[in-house]
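Here is the structure we will look at.
There are 2 protein chains.
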Amino acid sequence: MKYCSQCGQAVTQKIPAGDNRHRYVCDHCHTIHYENPRIIAGCLPVYQNQVLLCRRAIEPRYGLWTLPAGFMENGESTEQAALRETLEEANAEVVIRKLYTLTSILHVDQVQMIYLADLPEPIFSASEESLEVRLFSEEEIPWQELAFPTIGNALRFYFADRKTGDFPLRHLHLDRGADGTVNCELGTHQ
Amino acid sequence: MKYCSQCGQAVTQKIPAGDNRHRYVCDHCHTIHYENPRIIAGCLPVYQNQVLLCRRAIEPRYGLWTLPAGFMENGESTEQAALRETLEEANAEVVIRKLYTLTSILHVDQVQMIYLADLPEPIFSASEESLEVRLFSEEEIPWQELAFPTIGNALRFYFADRKTGDFPLRHLHLDRGADGTVNCELGTHQ
């Protein structure tokens with residue numbers, strides 16, 4: 001951020017009175033510009049013994065496989081965002097079963113929520129955002145071609161939990177270590 | 001938003017190519033300025049048969065009672081945000097038990113997450129953000145002086161669930177109707 005979105009003057013970084021963090025502040029109109037994490041909402045759609053994945057037609061990770069998910073918009077709920085993204089990316093209408101993974105991704109300032117969902121009929125198709133959409137059994141999952149670590153996490157939890165039929169909420173915390181590797185920790189309260 | 005935060009020129013509202021929503025777009029440097037919901041994270045701290053509430057020292061709702069909660073910051077997890085807010089607002093160090101309420105508040109573009117937490121010792125105090133901090137038994141809750149509808153929801157769920165000892169995640173959807181009243185709906189998947 002270089003300029004104030006309210007008045008167009010240059011902003012500076014400072015700690016506002018009563019605050020304890022650096023913010024972009026406009027010295028001209030005194031607006032404080034807060035920056036906060038964004039929510040990624042999506043679904044893990046299940047049809048019989050298979051899950052639905054999308055092959056990305058957009059950057060980043062063009063050509064890799066992902067669950068249908070994307071940025072939550074203003075004016076919608078987290079569930080509505082997850083359903084909308086599934087429709088937009090996979091042309092699939094699913095029924096949400098429950099919130100399944102909640103991952104704080106610290107190095108990109110995102111919180112990802114994946115809902116476990118049922119796909120009542122095997123109806124789906126490629127879209128502007130997906131080169132290809134298809135169902136995968138556990139044996140067919142392209143583990144080496146997944147777009148994001150969070151997608152692998154959700155799928156591993158799903159196939160493990162499917163054995164018991166109990167799908168508890170998984171609270172995760174992803175961070176990039178000093179060596180650049182991404183560490184994943186389960187919430188301490190599980 | 002009136003000006004581009006990247007180059008300082010005036011922005012206009014339009015639907016970018018490949019998008020289906022109006023965004024603020026800079027015709028000069030072509031930056032698209034997305035606006036997304038923000039996360040409010042907080043705790044419902046429990047000590048023996050009492051819960052901890054804070055009387056707000058800041059607007060909005062100055063002087064009314066709330067659970068310790070506030071905007072999640074970049075670079076932290078949802079749990080870290082909830083713990084930080086509890087420390088900042090109530091000078092209380094709690095231990096998170098589980099995610100308890102997840103509320104999409106559509107008319108203000110917020111998603112509120114309240115964690116059920118244990119206060120190991122009755123140690124807390126007023127702060128820059130709280131005029132007063134105290135423990136309340138169920139009979140003492142100032143129901144008519146709560147700052148936000150979401151706080152009443154969380155407390156009502158807590159006192160009801162306490163009878164069984166089971167505290168399932170409550171998925172809520174708050175919206176303002178055409179008549180200005182705030183409607184609250186439970187997620188359909190519960």
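Which chain is which? The protein sequence lines are W and D, in order. At position 165 of the first sequence (counting the first as 1) the number is 165 in UniProt numbering, and the numbers step up by one without a gap. At position 47 of the second sequence (counting the first as 1) the number is 47 in UniProt numbering, and the numbers step up by one without a gap. In this text, a Cβ means the ideal position worked out from N, Cα and C, and glycines have one as well.
Rounded separation between residue i and residue j - CA only
i, j, result
"Y29 of chain D", "R23 of chain D", "The residue asked about is misnamed: residue 29 of chain D is Cys in this sequence, not Tyr. Distance between the alpha carbons of C29 of chain D and R23 of chain D is about 15 Å."
"D175 of chain D", "A81 of chain W", "15 Å"
"E128 of chain D", "P68 of chain D", "13 Å"
"G165 of chain D", "S5 of chain W", "49 Å"
"G8 of chain W", "E35 of chain W", "18 Å"
"E88 of chain W", "T78 of chain W", "15 Å"
"V95 of chain D", "L155 of chain W", "29 Å"
"K163 of chain W", "F157 of chain W", "10 Å"
"E76 of chain W", "L102 of chain W", "18 Å"
"Y3 of chain D", "P60 of chain D", "27 Å"
"Y140 of chain D", "E140 of chain W", "Just to set this straight, residue 140 of chain D is Glu in the shown sequence, not Tyr. Rounded to the nearest angstrom, the two C-alpha atoms are 57 Å apart."
Contact set between residue i and chain W, taken where Cβ atoms lie within less than 7 Å
i, result
"V111 of chain D", "I39 and T78"
Chain D residues whose Cβ lies nearer than 7 Å to that of residue i
i, result
"L131 of chain W", "Going along chain D, no residue has its Cβ under 7 Å from L131 of chain W, so there is no contact; the nearest lies around 15 Å."
Own chain partners of residue i with C-beta closer than 8 Å, once the 5 adjacent residues on each side are dropped
i, result
"V25 of chain W", "V11, T12, Q13, K14, P16, T31, I32 and H33"
"N183 of chain D", "L174, D175, R176 and G177"
"R56 of chain D", "Y62, G63, L64, W65, T66, E129, S130, L131 and A147"
"Q190 of chain W", "With a pLDDT of 49 at Q190 of chain W, under the threshold of 50, the predicted position of this residue should be treated as unreliable, though the coordinate-derived value follows. P168, R170 and H171, listed in sequence order."
"P149 of chain W", "L174, V182 and C184"
"G18 of chain D", "none"
C-beta contact flag for residue i and residue j at 7 Å
i, j, result
"P37 of chain W", "V133 of chain W", "no"
"I39 of chain D", "M72 of chain D", "yes"
"P122 of chain W", "Y47 of chain W", "yes"
"Q50 of chain W", "S137 of chain W", "yes"
"N74 of chain D", "D109 of chain W", "yes"
First and last residue of the uninterrupted alpha helix (DSSP H) at residue i
i, result
"R162 of chain W", "Looking at the DSSP string, R162 of chain W is not in any alpha helix (DSSP H), and its letter there is neither H nor E."
Contact set for residue i: own chain, Cβ-Cβ below 6 Å, skip 5 residues either direction
i, result
"L116 of chain W", "L44, R97, K98, Y100 and F167"
"G42 of chain D", "L67, P68, A69, A82, E85 and I114"
"N20 of chain D", "none"
"I58 of chain D", "E129"
"C54 of chain D", "T66, P68, E89, A90, S130 and V133"
Residues near residue i in its chain [Cβ-Cβ closer than 7 Å; skip 5 each side]
i, result
"L52 of chain D", "P45, A90, A92, L119, F124, V133 and L135"
"H107 of chain D", "D175 and R176"
"A126 of chain W", "E132 and V133"
"D161 of chain W", "F167"
"D179 of chain W", "none"
"G152 of chain D", "W143 and L146"
"F159 of chain W", "E138"
Residue interval of the beta strand (DSSP E) (run including residue i)
i, result
"R97 of chain D", "V95 to I105"
"R84 of chain W", "No beta strand (DSSP E) holds R84 of chain W; the alpha helix (DSSP H) holding it covers T78 to A90."
"I39 of chain W", "R38 to Y47"
"F136 of chain D", "S130 to F136"
"I15 of chain D", "Looking at the DSSP string, I15 of chain D is not in any beta strand (DSSP E), and its letter there is neither H nor E."
"F71 of chain W", "A69 to F71"
Where residue i meets chain W, residues with beta-carbon distance less than 8 Å
i, result
"Q6 of chain D", "M1, K2 and Y3"
"G75 of chain D", "L106 and D109"
"L102 of chain D", "T78 and L99"
Contacts of residue i in chain W (Cβ-Cβ under 9 Å)
i, result
"E139 of chain D", "Going along chain W, no residue has its Cβ under 9 Å from E139 of chain D, so there is no contact; the nearest lies around 29 Å."
Per-residue contacts from residue i into chain D (C-beta, under 8 Å)
i, result
"E35 of chain W", "N74"
"R21 of chain W", "E73"
"G18 of chain W", "E128"
| message | Against chain C, which members of the stretch 149-172 of chain D pass a CB distance test of less than 8 Å? | response | The structure shown has no chain C; the protein chains it does contain are W and D.
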